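Asks:
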Amino acid sequence: MDIIVATRNEGKLREIRKGLKGLRIRLKGLNHFHNIPKIEEDGTSFLENALKKARFYSKYLSQPVLADDSGLEVDALKGAPGIFSARYGGAGTSDKKNREKLLKVMEGVPTPRRGASFKCVLAMVFPDGREIVVEGSCRGRIGFKEVGRGGFGYDPIFFLPRYGKTMAELSLQEKNRVSHRGKALRKLKKSLERFLKEIE
Ligand code: ITT
Numbered sequence: 062m063d064i065i066v067a068t069r070n071e072g073k074l075r076e077i078r079k080g081l082k083g084l085r086i087r088l089k090g091l092n093h094f095h096n097i098p099k100i101e102e103d104g105t106s107f108l109e110n111a112l113k114k115a116r117f118y119s120k121y122l123s124q125p126v127l128a129d130d131s132g133l134e135v136d137a138l139k140g141a142p143g144i145f146s147a148r149y150g151g152a153g154t155s156d157k158k159n160r161e162k163l164l165k166v167m168e169g170v171p172t173p174r175r176g177a178s179f180k181c182v183l184a185m186v187f188p189d190g191r192e193i194v195v196e197g198s199c200r201g202r203i204g205f206k207e208v209g210r211g212g213f214g215y216d217p218i219f220f221l222p223r224y225g226k227t228m229a230e231l232s233l234q235e236k237n238r239v240s241h242r243g244k245a246l247r248k249l250k251k252s253l254e255r256f257l258k259e260i261e
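62 is the number of the first residue of the sequence shown in the working numbering; add one for each residue after it.
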């Protein structure tokens, strides 16, 4: 079975491929297609945005589609940037600018108040209307500077006290073992295994 992953983020795609390895499926990201429309992520939660992406592209392509909506919720910022994580640095932003802005906003906040959670919602929508939704989260804290070159997005400033490392210092396999997306992917894999058995 071919599954389209409704993302242009190659970091997400890598982790999803790894997490769903072993299933009899082929995954393709949106960067694989030319001239495919963009949609506005105007939902009020990760769940709404993930479902919106998956439903839209599943209808548009008439194929099973998996969408990931995720982000970082910082305790000291009352959950911000949350669903606005991708746009935190302002117009024309980049992962680097997003991280720099967050480090700046968190200047002077002491370690005990730097707690944060990564959140991930995965929504899978089939052309016949069937849907699977799973989620995962991961606790850590916002570091004081960038450390590590792995992962993507906020990983170099997301410190995991249990490991004494940032998320960007973990290998892909280690990241999937502990991350919000890795946890959601394990749940999705179970549902998909059942689903694939049913249709075989
Ligand atoms: P798509 O919508 O094309 O999937 P996107 O990167 O815009 O790609 P989101 O709208 O879900 O995805 O925004 C997610 C934001 O949260 C974005 O800034 C990511 O860098 C960040 N993020 C999500 N998961 C992350 C992870 O595992 N590590 C670091 N940052 C992450």
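By construction, the Cβ of each residue, glycine as well, lies at the ideal position given by its N, Cα and C atoms.
The structure presented is a predicted model; accordingly, all values stated were derived computationally and were not measured.
Would you mind listing the beta strand (DSSP E) stretches within the stretch 149-229 that are 3+ residues and don't spill past its ends, in chain order?
Replies: Entirely contained in the stretch 149-229, the beta strand (DSSP E) runs reaching 3 residues are, in chain order, 176-186, 192-203 and 219-221.
Asks: Using a Cβ-Cβ cutoff of less than 6 Å, which residues in the same chain neighbour residue 175 once the five nearest sequence positions on both sides are dropped?
Replies: Result list for residue 175: 202 and 203, in chain order.
Asks: By a C-beta neighbour count over all protein chains shown, 10 Å radius and 16 as the cutoff for buried, is residue 146 buried or exposed?
Replies: With 16 or more other Cβ atoms within 10 Å, it is buried.
Asks: Just to confirm, is the Cβ distance from residue 183 to residue 129 under 8 Å?
Replies: Their beta carbons are under 8 Å apart, which means residue 183 touches residue 129 by this criterion.
Asks: Quick check on residue 115: does DSSP put it in helix, strand or coil?
Replies: Helix.
Asks: Here's the rule: buried if 16 or more other CB atoms are within 10 angstroms of the residue's CB, otherwise exposed. What is residue 240?
Replies: Flag for residue 240 reads buried.
Asks: With a 10 Å radius around its C-beta and 16 neighbouring C-beta atoms as the bar for buried, classify residue 80 as buried or exposed.
Replies: Residue 80 should be labelled buried.
Asks: Using only Cβ atoms and a threshold of 5 Å, which residues come within that distance of a heavy atom of the ligand ITT? Order them by chain position.
Replies: Result: 68, 69, 70, 130, 131, 132, 146, 147, 214, 215 and 216.
Asks: For residue 131 and residue 180, I'd like the C-alpha separation in whole angstroms.
Replies: So the alpha carbons of these two residues sit roughly 5 Å apart.
Asks: Given a cut-off of 8 Å on the beta-carbon distance, is the pair residue 230 and residue 218 in contact?
Replies: It is not a contact, given that the beta carbons lie outside the stated cut-off.
Asks: Which whole-angstrom value describes the C-beta separation of residue 162 and residue 150, a residue pair presumed to lie in contact below a C-beta threshold of 8 Å?
Replies: 5 Å between Cβ atoms; contact.
Asks: Since residue 132 is in the beta strand (DSSP E), which residue starts that stretch and which ends it?
Replies: Taken as a continuous stretch (DSSP letters only), the beta strand (DSSP E) holding residue 132 covers 126-135.
Asks: Taking the alpha-carbon positions, what's the residue 232 to residue 216 distance?
Replies: Taking the straight line from one Cα to the other gives about 12 Å.
Asks: According to DSSP, simplified to helix, strand and coil, what is residue 86?
Replies: Reduced to three states, the DSSP call for residue 86 is coil.
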